[in-house]
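Asker:
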Amino acid sequence: MSRYKFSSTERWAIFLVHGMKCYLCKVPIDLSTMVVDHVLPEYLLDSPSACSAAKAKLGLPASFDLNSFENWLPACSVCNGTKSSVQFEPSPLIQVLLQKLAAKADEAHRVSAEVVRARQVANALNVL
Ligand SMILES: [Zn+2]
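Whatever position you read off the sequence shown (first residue = 1), add 2 for the numbering used here.
So this is what it looks like as structure tokens:
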């Protein structure tokens, strides 16, 4: 269970940008049941030394943020429960996954920001 409280716009961006499917089993999911998985588990935030070691092991910079679009992927609850707190070992597949996440992070930020702007416009129109 994630401790980070995702905004609805963050959830929407993760869902949309990553193809509306579970990143592990590739089965289509819906937004209401989607679970957001942390590729590097969130519990690492409790231990700065373990967190630094995990980042270094995967070749990630110290500035890598575990609670960012660079580390979030959509999953179904079955896969998320199976993965649980497992840390991926360094492998070509994990490197590809992290590179894809980094490449899509800007798009996810843009989608999230667009939804926020659309809401602000809608709220402003409601006030008028
Ligand atoms: Zn799945």
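Yeah, the Cβ is synthetic: ideal placement off N, Cα and C, and Gly gets one too.
These numbers were taken from a predicted model, which means no experiment stands behind them.
Please indicate yes or no: does the CB of V29 lie closer than 7 Å to some heavy atom of ligand 1?
Answerer: Yes, the beta carbon of V29 sits closer than 7 Å to at least one heavy atom of ligand 1.
Asker: Which runs of the alpha helix (DSSP H) spanning at least 4 residues fall entirely within the segment 15-82, listed in chain order?
Answerer: Listed in chain order, they are 50-59.
Asker: Just verifying my parser: in three-state terms, what is the DSSP assignment at E149?
Answerer: The first residue shown for the chain is 3 and the last is 130, placing residue 149 beyond what the model contains.
Asker: Short of 7 Å in beta carbon distance, which residues of its chain neighbour A52, apart from the five on each side in sequence? Order them along the chain.
Answerer: The residues are L46.
Asker: Within the present structure, is the beta-carbon of V88 separated from the nearest heavy atom of ligand 1 by less than 7 Å?
Answerer: Checking the Cβ of V88 against ligand 1 gives no.
Asker: Between the Cα of V118 and those of K7, S4 and A15, spot the shortest distance and give me the residue it belongs to.
Answerer: Nearest of K7, S4 and A15 to V118, Cα basis: A15.
Asker: Please say whether P76 and H40 have beta carbons closer to each other than 8 Å?
Answerer: No.
Asker: For L60 versus L100, is the C-beta spacing smaller than 8 Å?
Answerer: Taking 8 Å as the Cβ cut-off, L60 and L100 qualify as a contacting pair.
Asker: Hey, L42 and A55: beta-carbon distance below 8 Å or not?
Answerer: No.
Asker: For ligand 1, any of its heavy atoms closer than 7 Å to the Cβ of V41?
Answerer: Outside the cutoff, so no.
Asker: So, helix, strand or coil for E91, using DSSP?
Answerer: If DSSP states are grouped into helix, strand and coil, E91 belongs with coil.
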